[in-house]
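Since the structure comes first, as structure tokens, the remarks are kept for the end.
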Amino acid sequence: MPEEDLVRLYLWSRDKQGEPQAVVSHDTALALYGLSDLRPSRYHLSVPPSFRKTPPPGVVLHKARLEPSEVDWCGSYRITVPLRTLLDAAQSGVSPEHIVEATRQALERGLVRRQVLKQAIQGLSEAQQLGFRVALEEA
1 MPEEDLVRLY
11 LWSRDKQGEP
21 QAVVSHDTAL
31 ALYGLSDLRP
41 SRYHLSVPPS
51 FRKTPPPGVV
61 LHKARLEPSE
71 VDWCGSYRIT
81 VPLRTLLDAA
91 QSGVSPEHIV
101 EATRQALERG
111 LVRRQVLKQA
121 IQGLSEAQQL
131 GFRVALEEA
């Protein structure tokens, strides 16, 4: 994933005041963190629900209200933090097998804490929790 593409998309997402709105998320963030062997064919970005621009080809927009604690900087663009990335991936249909591997790696690398993860998945459906539960049992 070329960084210049992500910077370009970040700048493309500017609102009328010139403030970039996009945050790299979902499958793209998983790949950037090295938490998955998924190689997304499209860029995934989270934008505020009020965002109205039509995405360029190869870009998937996810409407979401992100808290400041759910976003970090990665060079010249913003990215969802690992915990939010994992939750978004599970909710967007990434396979439980990929969620297991991504969660296992995030726990091993200290990117996510067990207790915080256990609490965060409580709001997910049983199917969305599956990969997390398997990873937590194995870790």
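Just so you know, the sequence shown maps onto residues 1 to 139 in the UniProt record's numbering. For every residue, glycine included, the Cβ atom is placed at its ideal position computed from N, Cα and C. Because the structure is a prediction, the values reported are computed rather than measured.
Spanning the alpha carbons of L11 and V23 requires a straight line of approximately 11 Å. Contiguous beta strand (DSSP E) elements confined to the segment 72-116 occur at 77-80, taking only those with 3 or more residues. Taken through DSSP and simplified to helix, strand or coil, K63 comes out as strand. For L45, the enclosing beta strand (DSSP E) stretches over residues 43-47. About 16 Å separates the Cβ atoms of G58 and E3, ruling out a contact at the 8 Å cut-off. Separation of R52 and Q128 (C-alpha to C-alpha, rounded to the nearest whole angstrom) is 29 Å. Within the same chain, Y10, L11, S13, R14 come within 7 Å of P20 by CB-CB distance, once the 5 residues on both sides are set aside. Residue burial is scored here from C-beta neighbours: E67 has fewer than 16 other C-beta atoms within 10 angstroms and is therefore classed as exposed. Within the same chain, P40, Y43, H44 come within 6 Å of T28 by CB-CB distance, once the 5 residues on both sides are set aside. Inclusion of P55 and R65 in the CB contact set at 8 Å is not warranted, their separation being larger than that value. When the five nearest sequence neighbours on each side are left out, the beta carbons in the same chain lying within less than 6 Å of the beta carbon of A90 are those of I99, Q128, in order along the chain. Beta-bridge partners of V23 (DSSP): S46.
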